[in-house]
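Each protein sequence line maps, in turn, to chains A and B.
Oh and the first sequence: position 164 is 164 in UniProt numbering, straight run, nothing missing.
Oh and the second sequence: position 136 is 136 in UniProt numbering, straight run, nothing missing.
I have placed the structure first, in the form of structure tokens, so that the comments after it can refer back to it.
2 protein chains.
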Amino acid sequence: MTDKLTGAAGREYVANAIRQALRSGDLVPGQRLVELDLAEAYGTTRGAVREALQDLAAEDIVEIVPRRGARIRAVSVEEAVQITECRSALEQLCARKAAGGASDGQRAELRRIGADMRQAVADGAWDAYSALNQRLHELVIEASGQEVARRQLDRLNGPMVRFQFRLALRPGRPAQSLPQHLAIIDAVAGADPEAAARAVAAHLDDVIEQLRASATAPRL
Amino acid sequence: MTDKLTGAAGREYVANAIRQALRSGDLVPGQRLVELDLAEAYGTTRGAVREALQDLAAEDIVEIVPRRGARIRAVSVEEAVQITECRSALEQLCARKAAGGASDGQRAELRRIGADMRQAVADGAWDAYSALNQRLHELVIEASGQEVARRQLDRLNGPMVRFQFRLALRPGRPAQSLPQHLAIIDAVAGADPEAAARAVAAHLDDVIEQLRASATAPRL
DNA sequence: ATCAACGAGATTGTTGACAAGATGTTTCGA
DNA sequence: TCGAAACATCTTGTCAACAATCTCGTTGAT
């Protein structure tokens with residue numbers, strides 16, 4: 001670790017570090033990202049940082065203005081809603097295909113996740129619930145076999161980390177989303193494509209509603 | 001024009017040139033893209049070419065293997081189908097919103113495009129039909145106000161240029177797609193969101209079928 | 001004839017220095 | 001006190017040379 005991470009290695013390292021810093025709140029939207037500072041902070045070269053910033057710009061996480069450098073991109077509530085609408089469209093597609101084509105093992109894991117989620121909510125284990133939630137979405141996408149949709153969804157989620165954070169912390173939110181998640185699980189595991197799409201749509205419509213509500217009551 | 005296009009200007013210039021070369025068939029999938037060659041061919045520096053290739057890689061048009069350079073990415077039929085499925089999901093979203101919220105001017109332009117398409121097919125004006133087709137899709141997206149979906153769709157279309165090319169040339173194809181396009185126009189211009197989504201889905205399901213068919217009958 | 005080791009040439013990766021543009025501060029005049 | 005010009009500093013953009021790696025043809029042994 002005493003060496004500088006150079007080139008391609010540093011590039012990925014810096015990109016991940018910035019993503020992480022954004023999740024943990026160490027970086028806030030609008031914040032300037034100065035190449036030399038980042039290079040020193042992460043023990044890499046300016047070149048590596050530059051390329052990392054290009055990558056993050058391609059993911060719409062940072063915004064690069066020529067001759068003025070990079071800053072963390074601010075995501076408006078309206079844009080967050082649009083992103084969620086796109087997620088909904090793509091995840092409906094995945095849910096439909098997953099309901100049709102998931103393996104037995106995947107259906108079993110889905111049911112297990114459902115049981116664990118119930119338990120987590122009953123126990124007030126919010127972190128565990130959040131992790132299960134993420135795994136659920138991942139698994140549906142994976143089971144769909146839709147690689148292209150997976151990539152698109154990854155991209156869409158990049159700029160959303162800040163909102164996910166705020167939403168998950170709203171009191172009573174897990175209790176509200178649990179039945180929606182269980183409905184998705186039932187439909188996919190039960191091989192009912194249309195019900196799966198409807199369940200996903202209903203869930204994400206609710207998320208959109210929450211996002212809009214968070215616009216007027218922004219704190220926490 | 002005797003000067004070298006340098007830096008940022010060259011970057012965009014090269015990226016566009018490669019996109020164009022791909023459309024016109026001057027570059028074929030799998031073809032190697034050597035930085036120095038491109039730099040000389042387009043009168044820029046290696047640095048500009050390098051960054052242009054990064055951009056194209058972010059669009060999934062080229063594939064960069066470390067230490068081995070860039071090549072035009074090959075898109076399998078299966079992937080083309082998946083891309084079209086995603087397009088379908090996102091364009092349904094846009095069509096729904098466009099049907100709900102398009103301006104009077106936009107609805108008028110849609111109807112005009114419909115009339116022109118009819119005419120183009122009647123006249124055998126395939127180039128004109130193709131241009132109208134593109135404008136139609138663009139306009140629906142624009143009218144939806146869904147900026148995020150627009151960006152996603154742009155990305156999805158990047159690697160598809162080769163397939164669009166082959167599909168549009170199939171004999172009888174315009175006559176087949178015309179009623180589908182007219183259905184989309186009627187639904188969007190007529191402010192019927194659900195019909196618009198259905199019409200888009202039907203159209204793209206047909207495109208998928210054509211893609212699959214082209215897998216077994218590959219020539220022209 | 002086949003295969004492996006070798007080496008020359010080709011190609012990409014990396015660096016450090018410099019150029020060019022933006023930002024912020026100080027100074028001067030009204 | 002306010003505003004604007006001049007300047008110093010900070011930051012990004014660009015380049016050219018060098019280093020590292022890969023490709024491919026050649027050679028020689030089995």
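Glycine included, each C-beta is placed from N, C-alpha and C at the ideal position.
Everything numeric in this text was worked out from a predicted model, so none of it was measured.
Integer Cβ distance of residue i from residue j, believed to fall under 8 Å
i         : j         : result
Gln82(B)  : Val148(A) : 4 Å
Ala183(A) : Ala199(A) : 4 Å
Ala99(A)  : Asp192(A) : 6 Å
Leu90(A)  : Cys86(B)  : 6 Å
Gly69(A)  : Leu33(A)  : 7 Å
Gly7(A)   : Ala48(A)  : 6 Å
Val188(B) : Ala196(B) : 5 Å
Gly145(A) : Gly101(A) : 6 Å
Pro159(A) : Asp26(A)  : So it is not a contact: roughly 17 Å between Cβ atoms.
Paired residues, beta bridge with residue i - DSSP
i        : result
Leu33(B) : Ala70(B)
Glu63(A) : Arg71(A)
Contact set for residue i: own chain, Cβ-Cβ below 8 Å, skip 5 residues either direction
i         : result
Met117(B) : Tyr129, Leu132, Asn133, Leu136, Leu178, His181, Leu182
Arg23(B)  : Val161, Phe165
Leu211(A) : Val77, Ala80, Val81, Thr84, Phe163, Leu167
Arg219(A) : Low confidence applies to Arg219(A): its pLDDT is 49, below 50, so where it sits in the model is not reliable, and the reading given next is rough at best. Excluding sequence neighbours, Arg219(A) sits near nothing in its chain.
Ser103(A) : Ala143
Gly30(B)  : Arg71, Ile72, Ala74
Ile141(B) : Glu91, Cys94, Ala98, Ala149, Arg150, Leu153
Asp205(A) : Ser88
Ala120(B) : Trp126, Ala128, Tyr129, Leu132, Pro174
Within chain B, partners of residue i - CB distance below 7 Å
i         : result
Glu79(A)  : Val148
Glu138(A) : Ordered by position in chain B, no residue passes the 7 Å Cβ test against Glu138(A), which lies about 17 Å from the chain.
Ala58(A)  : Ala58
Neighbouring residues, chain A, relative to residue i (Cβ below 8 Å)
i       : result
Ala8(B) : Pro66
Sequence-distant residues of the same chain with beta carbon closer than 6 Å to residue i, five excluded per side
i         : result
Gly114(A) : Leu182, Ile185
Arg19(B)  : none
Ala215(A) : Val77
Arg107(B) : Ala189
Tyr13(A)  : Leu5
Ala213(A) : none
Arg11(B)  : Ala48, Glu51, Ala52
Met1(A)   : Any reading at Met1(A) must be qualified, since the residue scores a pLDDT of 47, below 50, and its modelled position is unreliable; the value itself is stated next. Once the five neighbours on either side are set aside, Met1(A) has no close Cβ partner at all.
Contact list for residue i against chain A, beta-carbon separation under 7 Å
i         : result
Ile18(B)  : Result: empty, since nearest Cβ-Cβ is about 17 Å, beyond 7 Å.
Gln54(B)  : Gln54
Gln106(B) : Those within 7 Å of Gln106(B) in chain A number zero; the least Cβ separation is about 19 Å.
Residue i Cβ short of 6 Å to the ligand GDP heavy atom set
i       : result
Ala9(A) : No copy of the ligand GDP occurs in the structure displayed, which carries no ligand at all.
Within chain B, partners of residue i - CB distance below 8 Å
i        : result
Ala89(A) : Ala89, Leu90, Gln92, Leu93, Ala149
Contacting residues, own chain, Cβ-Cβ under 7 Å from residue i (five flanking each side not counted)
i         : result
Ala110(B) : For the sequence presented, residue 110(B) should be read as Leu rather than Ala. Here the set comprises Leu139, Ile185, Val188, Ala189.
Ala15(A)  : Ala52, Asp55, Leu56
Ala17(A)  : Tyr42
Val62(B)  : Leu33, Leu53, Leu56, Ala70, Arg71, Ile72, Arg73
Ile64(B)  : Leu53, Ala57, Ala70
Arg96(B)  : Pro193, Ala196, Ala197
Asp123(B) : none
Partner residues on chain A for residue i, Cβ-Cβ distance less than 9 Å
i         : result
Glu209(B) : By Cβ distance, chain A contributes nothing, its closest Cβ being about 17 Å from Glu209(B), past 9 Å.
Ile83(B)  : Val148
Gln152(B) : Cys86, Leu90, Gln152, Arg155, Leu156
Next item on the list: Check whether the segment 140-156 of chain B touches the segment 69-81 of chain B, taking contact to mean three or more Cβ pairs, one atom from each stretch, closer than 8 Å.
Entry: The segment 140-156 of chain B, when compared against the segment 69-81 of chain B, does not touch it at the 8 Å Cβ threshold.
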